[in-house]
Every structure is written in C-alpha cells, then in structure tokens.
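Residues in the sequence shown are numbered consecutively from 1, following the UniProt record's numbering.
Note that CB positions come from ideal geometry on N, CA and C, so glycine has one too.
Note that the structure is predicted; figures quoted are calculated from it, not measured.
One structure is given here, and the rest of the page talks about it.
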Amino acid sequence: MTAASACAILPRVGPSKREIYAGSVERNGNAHVVAMSERVIRATSVVPALGFSAGFRDAALLGSDTIRAGDTLSLTIWENVDDGLLSKQGLNYTQLDAVQVDGDGYIFVPYAGRVLAAGNTPEAIRRIITDKLADQTPDPQVEVRREASNGASVTLMGSISGQGVYSITRPTRTLSAMIAAAGGIGIKPEVAQVTVIRGNMRSKIWFQDIFSNPRYDIALRNGDRILIEEDSRAFTVMGATGSQSVIKFDTPSLSGIEAIAQAGGLRSNAADPTGVFVFRNESAGIASQVLGTPGLTGTQRMVYVMDLTQPNGMFLARDFQIRDEDLLYVTEAPFTQWDKTIAALTGSLSTVNRLSDLGQ
C-alpha cells in the first residue's frame, strides 16, 4: 500500500480548512468565505426581533362593568303596589334569572320590551328598564347584576398548565394575568414564546419580555387566541468538537463562543482553533454589507471564519451572533491528519511484515 492510497482512505470528521477555502467564490466556488471582523459582526447582528405591534399595545383595557353579547344577567324588579304587573300574588318583587344577552346585544324584559344591554353597564341598563316601566307601574325599583361573563373570552393553547377557554374578568384583563389564571407556562421561561392572534393580526413575543417591558403586557380582547410554545431555533455542530449534534437555542440570543461551549468545546487533541467556521445562508442585503458588494440578489452562501488564536479572536467569537439553522464546523489540526497518515502507514507496513513472516 502506497502513502497516497493510505491518505486517500484516512477517516476524518469533514473537509479540511484548505478544502473549504477552495470552495470560495474567489476560487470559482459557490460560497463567500469571510474572515471574522468587527465590521462583519455589525453587519450580521440582525437577530429577528419579537414584539407586539401598535395595534396590540395601544388597545385599552376592557371595561370590567361593560356588558357584552353572551353575558348572563339577573334582574330583580320591585313594584310599589300589592298587585303589580310582574310580581306574583302576595309579593311586591319579581326575580328574572339567567337572562342572556343575545347576539345583537339585547335582552327582553316583560312590559319593557327589548333593551339594549351590550355596551352598557348594569347601572345604565337599570336606568333604561326603570324608565320603560315607570309609565306602567308606580315607582319601580330595578336591580341588574351580571351573573356570568360568557361574552368576552380568550383561548389558551400550547405549553401552558391549563389549556382552555377563559372568560375575561376584572382580574384577568391583561396577558400576564390571564396566563397566571391558567396555571402559568409549562416550559422554561427563557425559551418560551407567546403568540397572540386577534382577527387578522398576529404578533409574537418572548415570555420574559412581558415582565421586563410593561407595554407588552397587553390588554386582551374577546376572541383572542394565545399560543405558548418553545423556541424552535437550532444550530448544527460538526467537526472537532465535544459533540456532533443539533442543539436547540436555550436563550433568545446565542454568541459564537457560547455555541462552541454548548457543543462541548474544541477537542484539545484534534481541533484547529484557527479553523472555526460558521456556514449560513444569508440574505442579499446583509451579504452586500458584509462583502461591500452592492447589487447582490437572492440568498447568498456565506462561510464566516473565526480564528481563536488571534489577539481579539475570542472577543470576536463572543460578539458574533449565531442564528437559526447555522452550521458550526471546526476543522482538525494539520498534525491530526499527519498522525493518522503515520498510523495508517505504520499499520500497513506491519501487516505486510506479518504476511511475509507467514509466507516463509
């Protein structure tokens, strides 16, 4: 077996640093290979921002006393006569239970007819009914109570302790209060995302931002759908690292040095600290800023090179932001391949010697 054939079959974790550079656009390849720098970090530090739009943030709290379609009311009517219009014999009051506000927002009260309830408070409804009955019975007294608020509700789904439909009440008119009423989230707060769907509007936010920024603790509206889910972003690690795997993000942002640490660090007996690569499909706009080449179109294949042996190499790796679907690849040190070559040759010669001994 020749040295060339031995090298051809050597096992390795992936391409060498030289092979990656050979695939660059400058060498007629199809990827832009770019050394890490402060300018590159500034151009690529575009982490997708999460947050509620103005349509969500500017909505005022629902009035806790406002009646809505679907609410259930209870009415008590007193009459100042022994034989009233509504009361039974021997009684001077009438109890009307479970009076539901219909889809048009009205309730029906005997002798008062259809009364608009939706949009009014119980006090306003009391005055309306009193005025309508005043012409038919002397000095009527009316009490209106809301028994149940089925008209304004939200739906909570996903990684939350109590999925279901919840009524919006005075204590649960905001997002954080409603999540708490449902038992809280069932995943780590650092990776929890909250999506609110309201009609044709949809916005997503980090769970922790609800508490760090009060304006994101939005007022809820009837029909809101709230979805709690875990961050689905992940990056892939290959090469001379402690592990070869797909790793999920466990924080809203992740630096290059943190990604290396999560992968188990560089293998001290194999890794080349000058050859830490991040493979990424970059948008044309960002790629143009990185390369200083305006007019690029379409997604660009980018390979960012981190040299941890440089004086500021560790700082650059700390400041560079890893993104969803990135591939972090660490090349093997040149001596590693040399050791493998020597081992292959030594093993081959030993095998030939043993065969020769057997033939004698």
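Secondary structure within the UniProt domain "Polysaccharide export protein N-terminal" (66–145): the alpha helix (DSSP H) runs of 4 or more consecutive residues, fully enclosed, are 122–133 (chain order). Residue environment analysis places Thr241 among the buried positions, since at least 16 neighbouring C-beta atoms fall within 10 angstroms of its C-beta. Under the three-state reduction of DSSP, Phe315 is assigned to helix. Counting C-beta pairs with one atom in each stretch, the stretch 217–227 and the stretch 59–70 have three or more that are closer than 8 Å, which means they touch. Counting C-beta pairs with one atom in each stretch, the stretch 294–308 and the stretch 262–282 have three or more that are closer than 8 Å, which means they touch. For Met178, the enclosing alpha helix (DSSP H) has its first and last residue at Leu175 to Ala181. Under the Cβ criterion (8 Å, minimum of three pairs), the stretch 319–334 counts as touching the stretch 246–257. Taking a 10 Å sphere around the C-beta of Arg198, we find 16 or more other C-beta atoms and assign the residue as buried. In this structure, the beta-carbon distance from Met178 to Val154 falls below 8 Å.
For Ala234, the enclosing beta strand (DSSP E) starts and ends at Ala234 to Gly239. Here Ala192 carries a strand assignment [DSSP, helix/strand/coil].
In its chain, beyond the 5 residues on either side, Thr241, Gly242 and Ser243 have a beta carbon closer than 7 Å to the beta carbon of Gly264. At a Cβ-Cβ threshold of 8 Å, Ser283 and Glu230 do not count as neighbours.
Nearest to Asp97 by alpha-carbon distance, out of Ile260, Asp104 and Phe108, is Phe108. The Cβ atoms of Val330 and Thr44 do not sit closer than 8 Å to each other. Contact check for Ile228 against Ala192 passes: the beta carbons are separated by less than 8 Å.
Contiguous beta strand (DSSP E) elements confined to the UniProt domain "SLBB" (235–330) occur at 245–248, 271–282 and 300–306, taking only those with 3 or more residues. Note on geometry: alpha-carbon atoms of Thr251 and Pro171 lie some 31 Å from one another. Annotated three-state conformation of Gly158 is strand, per DSSP.
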